[in-house]
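Residue numbers (the working numbering): 1159 to 1629.
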């Protein structure tokens, strides 16, 4: 049991965790760097501890300082949020060794899912569908080429320890394989300290659909339905929605059961997300394959909260206290449709170049903040008008989440809410998001990960979109 939590993060997710902790009667401790001394998340917590200089490696990635801050403040538990140390097995172990409850999965589960090749071997043993490919330990260049030929071109070369689109190459012809492999291995070595790769068949018209899972320390595990995260730029998510459009009940059940099998295979406890790549072949139908597991709370968790009415951070805290899951699988229900838009300080017309500077004006539509259910518009943000968007961290300004009885109603509400977002200062992607939402592909749910590329003629370097009609 614990009554004081240190939140080892910043920005909107730190504010999000603090909001639920406050509602549950728990005290909270913020940590902050030099750049974040006046940040919103510092004000959102009961107390705050300075942990270092502005660069993340000297503050939010310094696990020893964070554990020292937890001890000094009297916190008994640590919530890692997402990013930074949230999927760092060494940090999870260090928390346990320091007598702190890590509000996340056990280090063994983080380790098991951290290396893609080893994770895929586990999934194969658990009967979870895999993309045809090679994820063995033999990394000889000729062996890798032979496996690519066996799988059949085009193939994807992926860094085994990779993520976020780094260390990934698509190869269409055997003649191009050697150069692509060398390039991928260099990037993997630089980004992750590990040049091992795996080979996968390139999936046709892929959709990115992920399943929210939750496990407890008593062996129970459930899935809280799925999210479609296919709209991406540079392998980074732009819009997420739940439920996934066009996914039948049988497919939803099979994906959910596969996700639970994946979680059980590594003894998972807490909130996790199993990501699947879904193939849409020309002849019709859909096939899903395991991609990876994110051993943390996802950025896009609010869309799941919107359709289920459940507070996933509260579930995390309860499970970390040793409580059983609040609901069984047969008690879980979803209602309506939710969409999340990530509002970022970036310039879409310059290849999404991150932007920084002061938020001279920051106005949102009428909305709730960090409220799980019961509202049609929610904005989760870790900034206020007048705050600085720092070049040291992620460029996200806010998350705009809408809910409607149908996808069509949610789309209309999203367009209207985006039209009421008023930001002056750093470049931002609000107008770009409105154009994506209004694009034929998105509005008609013709989704795959190439949507932005396919619609690029109407998405970039366009005149601003006018005000939306009220819903």
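Glycine included, C-beta positions come from ideal geometry on N, C-alpha and C.
Cβ neighbours of residue 1505 within its own chain (closer than 7 angstroms, five residues either side excluded): 1511, 1513, 1585. Restricted to the region 1277-1330, the beta strand (DSSP E) segments that are unbroken, complete and at least 3 residues in length are 1313-1317, 1326-1329, listed in chain order. Rounded to whole angstroms, residue 1380 and residue 1339 show a C-alpha spacing of 39 angstroms. Only residues of its own chain outside the window of five on either side were considered, and among them 1387 have a CB closer than 6 angstroms to the CB of residue 1395, listed in chain order. One thing to note: residue 1242 has its Cβ within 8 angstroms of the Cβ of residue 1214.
Here DSSP, grouped into helix, strand and coil, assigns residue 1395 to strand.
In this chain, the beta strand (DSSP E) harbouring residue 1451 covers 1445-1452. When the Cα atoms are used, residue 1409 and residue 1402 turn out to be separated by approximately 11 angstroms. Residue state for residue 1203 is assigned as coil, using DSSP reduced to three classes. Distances from the CA of residue 1333 to each of 1348, 1326, 1300 were compared; the closest alpha carbon is that of 1300. Scanning the region 1186-1234 for uninterrupted beta strand (DSSP E) segments of 3 residues or longer gives 1205-1210, listed from N- to C-terminal end. DSSP, read as helix, strand or coil, puts residue 1334 in helix. The continuous stretches of alpha helix (DSSP H) do not include residue 1525, and DSSP gives it neither H nor E.
A straight line joining the alpha-carbon of residue 1159 with that of residue 1479 spans about 5 angstroms. In terms of Cα proximity to residue 1555, the closest of 1464, 1522, 1229 is 1522.
Counting only runs of at least 4 residues, the region 1567-1608 fully encloses the following alpha helix (DSSP H) elements, listed from N- to C-terminal order: 1588-1596, 1598-1601. In this structure, residue 1270 sits near residue 1424, with a CB-CB distance shorter than 8 angstroms. Excluding sequence positions up to five before and after residue 1297, its CB lies within less than 6 angstroms of the CB of 1354, all in the same chain and listed in chain order. Residue 1253 is positioned such that its CB atom lies no closer than 8 angstroms to that of residue 1209. Excluding the 5 residues flanking it on each side, residue 1247 has same chain C-beta neighbours closer than 7 angstroms at 1265, 1268, 1269, 1272, in chain order. Annotation for residue 1177: 1528 place their beta carbon closer than 7 angstroms to its own, counting only its chain and skipping 5 residues before and after. Nearest to residue 1389 by C-alpha distance, out of 1500, 1470, 1454, is 1500. Runs of the beta strand (DSSP E) lying entirely within the region 1342-1392 and spanning at least 3 residues, in chain order: 1355-1359, 1365-1373, 1379-1391. For residue 1466, the uninterrupted alpha helix (DSSP H) run begins and ends at 1459-1466, by DSSP. Close CB contacts of residue 1287 within its chain, under the 7 angstroms cut and outside five residues either way in sequence, are with 1416, 1446, 1447, 1448 (chain order). Separation of the CB atoms of residue 1374 and residue 1289 is rounded to 30 angstroms, and the pair is thereby denied contact status at 8 angstroms.
Residue 1471 is positioned such that its CB atom lies closer than 8 angstroms to that of residue 1174. Pairing residue 1163 with residue 1237 gives a Cβ-Cβ distance under 8 angstroms.
Contact between residue 1494 and residue 1538 does not hold, since the beta-carbon distance rounds to 18 angstroms and is not under 8 angstroms. For the set 1323, 1232, 1330, 1411, the Cα lying nearest the Cα of residue 1311 is the one of 1330. Boundaries for residue 1248: no beta strand (DSSP E) harbours it, while the alpha helix (DSSP H) harbouring it runs 1247-1255, taken from the DSSP string. Rounded to the nearest angstrom, the gap between the Cα atoms of residue 1202 and residue 1517 is 19 angstroms. Counting along the chain, the unbroken beta strand (DSSP E) around residue 1555 starts and ends at 1554-1562. The Cβ atoms of residue 1484 and residue 1435 do not sit closer than 8 angstroms to each other. Assigned with DSSP and collapsed to three states, residue 1418 falls in helix. With contacts defined as CB atoms closer than 8 angstroms, residue 1323 and residue 1366 fail to qualify as a contacting pair.
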